[in-house]
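*Asks:* Here you go, one structure.
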Amino acid sequence: MTRYFAGKLGEALVAIWGVVTIVFFVTRFLGDPVALLLPVGASPEQMQALTAELGLDQPIWRQYISFLAQALTGDFGQSFQFGRPAIGVVLERMPATIQLALTAIALGVLIGGTAGAIAAMRRGSVAEFVVMTLALLGQATPVFWLGIMLILLFAVDLGWLPTGGYGSPANLVLPALTLAVFVSASIARLFRSSMLDVLKEDYVRTARAKGLMPATVFTWHVARNALIPVVTMIGILTGELLGGSVVTETVFAWPGVGRLIVQAIETKDFPVIQAGVALIAAIYVATNLIVDLLYALLDPRIKGSA
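Heads up: the sequence shown is residues 1 to 306, going by my numbering.
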């Protein structure tokens with residue numbers, strides 16, 4: 001088991017390094033941020049001085065080595081736009097992103113898990129048809145369109161909820177619901193498919209033949225084994241949402257990491273872009289390491305081979 005996770009950790013570190021390296025070089029193609037930082041009509045001497053101050057006059061390889069050395073200590077430089085450490089600017093936005101992501105995941109697991117179980121246990125019924133149809137629509141609906149429709153219905157027409165913003169539980173409802181639709185649809189379809197596969201296994205038929213209560217068979221023999229692929233999906237979705245849901249945060253003016261990175265790209269704020277992407281990569285990789293651990297605990301075959 002130790003060797004298994006040591007290998008996974010090594011892969012994770014390589015993945016983070018690769019993402020950070022790609023982002024470093026891609027940001028250099030966004031253009032020169034100096035012109036945006038100086039007032040209109042700035043002299044060439046002022047531009048040259050600021051370029052040197054930001055270290056952008058150095059060869060690209062030297063900038064990269066310096067960047068990696070500082071990044072290892074969590075120092076991504078000063079934000080061009082805010083004039084403060086870039087990692088601090090990004091971390092300030094994390095609570096909003098975490099709140100939105102975890103709420104959406106919780107709703108998605110609750111709704112999707114229940115719907116998937118109903119569809120599997122009532123195969124061929126109207127309930128299964130309705131659940132699977134809604135799940136397909138939920139996965140196919142663009143997030144930005146759904147968000148706008150929810151705003152028009154619940155905020156503009158009915159006036160029940162605010163159109164956006166941050167600070168109160170009411171502000172959280174619409175963006176969390178928007179994300180939860182896709183999450184619940186994905187989980188419902190996968191959980192149903194996984195449960196149908198498990199229901200065909202010999203050990204399930206044996207448990208039923210022994211006279212075990214249906215609830216016991218479902219809990220200990222069906223649901224537990226059907227959850228293995230679902231846990232993987234939940235981990236992937238959690239990592240993606242914790243990394244910032246750019247579209248949803250933009251539609252609802254939610255002050256999260258995703259929206260911050262978009263703003264940083266528009267203003268060519270290299271340090272914030274690099275700090276934000278590095279943090280997202282670290283969160284995504286850490287989430288998947290946790291998923292690997294849970295996967296091994298749920299599936300004895302992995303535990304035995306590790």
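From the three backbone atoms N, C-alpha and C, an ideal C-beta is built for every residue, glycine too.
1. On the DSSP bridge list, what partners appear for Gln78?
2. Compare the beta carbon distance of Leu279 and Ile98 with 9 Å and say whether it is the shorter of the two.
3. Look at Gly256 and Ile187 and say whether their C-beta atoms are less than 9 Å apart.
4. Could you tell me which of Arg259, Gly138, Leu196 and Val109 sits nearest to Arg122, measuring between CA atoms?
5. Apart from the five residues on each side of it in sequence, which residues of its chain come closer than 6 Å, Cβ to Cβ, to Leu237?
6. So Ala104 and Ala135 are in contact, right, with Cβ under 8 Å, and what is the actual spacing, rounded?
7. Where do the N-terminal and C-terminal ends of the alpha helix (DSSP H) with Asp157 fall, by residue?
8. What is the DSSP secondary structure of Lys200, counted as helix, strand or coil?
9. Within its chain, find whatever has a CB closer than 6 Å to the CB of Lys210; leave out the 5 residues flanking it on each side and keep chain order.
10. Which value, in whole angstroms, describes the spacing of the CA atoms of Phe252 and Leu260?
11. Would the beta-carbon of Gln139 fall within 9 Å of that of Thr267?
12. When the Cα of Gly74 is compared with those of Pro85, Tyr64 and Ile65, which residue comes out closest?
13. Could you tell me whether the Cβ atoms of Ser245 and Leu179 are closer together than 9 Å?
14. Alpha carbon to alpha carbon, how far is Met132 from Gly55?
15. Using a Cβ-Cβ cut-off of 8 Å (strictly less than) and excluding sequence neighbours within five positions of Ala223, which residues of its own chain qualify?
16. Closest to Ala120 by C-alpha separation, out of Val285, Arg62, Gly88 and Lys200, would be which residue?
17. Taking the alpha helix (DSSP H) that Trp61 falls in, what are its first and last residues?
18. Where does Arg208 sit, in a helix, a strand or coil, going by DSSP?
19. Suppose the cutoff is 8 Å on Cβ atoms and the five residues either side in sequence are ignored; what does the same chain contact list for Gln78 look like?
20. How long is the line joining the alpha carbons of Ala226 and Ser193, rounded to whole angstroms?
21. In whole angstroms, what is the alpha-carbon distance linking Leu110 and Glu240?
22. Ordered along the chain, which non-local residues of its own chain (more than five positions away) have a Cβ less than 7 Å from that of Pro229?
23. I need the straight-line Cα distance from Glu11 to Phe144, nearest angstrom please.
24. To which residues of the same chain is Gly164 closer than 6 Å at the C-beta, ignoring the five residues directly before and after it?
*Replies:* Looking at the atomic coordinates:
1. Pro85
2. No, the Cβ-Cβ distance between Leu279 and Ile98 is not below 9 Å.
3. no
4. Leu196
5. So the list reads Val183, once near-sequence residues are dropped.
6. The pair is not a contact, with the Cβ atoms about 16 Å apart (cut-off 8 Å).
7. Asp157 -> no alpha helix (DSSP H), and no H or E assigned at all.
8. coil
9. none
10. 13 Å
11. Going by C-beta atoms, Gln139 is not nearer than 9 Å to Thr267.
12. Closest by alpha carbon: Pro85.
13. yes
14. A direct Cα-Cα distance of roughly 55 Å separates Met132 from Gly55.
15. Ala117 and Met195
16. That would be Lys200, whose Cα lies nearest to the Cα of Ala120.
17. Ile60 to Ala71
18. DSSP places Arg208 in helix when its eight states are reduced to three.
19. Arg84, Pro85, Ala86 and Pro271
20. 9 Å
21. 19 Å
22. Leu190 and Ser194
23. 34 Å
24. Only Phe252 and Ala253 meet the Cβ criterion.
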